[in-house]
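In my numbering, the protein residues as written are 2 to 93. Ideal Cβ placement from N, Cα and C applies to all residues, glycine included. Working notes, beginning with the structure itself.
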């Protein structure tokens, strides 16, 4: 196998939490939970991370996370869109 890729599901709205908990800081130096996941992935030899997010959160993820980690690992967004669903499916 070549280098594995990390997939992070981060498209939640955080409605009960009250914000984007995916990128809120939790560490002593302002790290988010995703920062720790990406750090561990880099240490394990991962070369790419896919972030599944909502399009409207792209700027927030760029500012809080991606702009800092791009020098260490390739990052690609996959946008979740609840308006585009297969036939027979409805959004909750």
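Check, Outcome
"Along the chain, where does the alpha helix (DSSP H) that runs through residue 37 open and close?", "34 to 44"
"Candidates 32, 20 and 5: which alpha carbon is nearest residue 58's?", "20"
"Buried or exposed: residue 39, going by 16 or more other Cβ atoms within 10 Å of its Cβ?", "buried"
"Between residue 9 and residue 74, what straight-line distance do the alpha-carbon atoms span, to the nearest angstrom?", "14 Å"
"Nearest-angstrom Cα distance between residue 49 and residue 93?", "31 Å"
"Rounded to whole angstroms, what is the Cα-Cα separation between residue 54 and residue 47?", "20 Å"
"Between 62, 45 and 31, which has its C-alpha nearest residue 4's C-alpha?", "45"
"Please say whether residue 23 and residue 62 have beta carbons closer to each other than 9 Å?", "yes"
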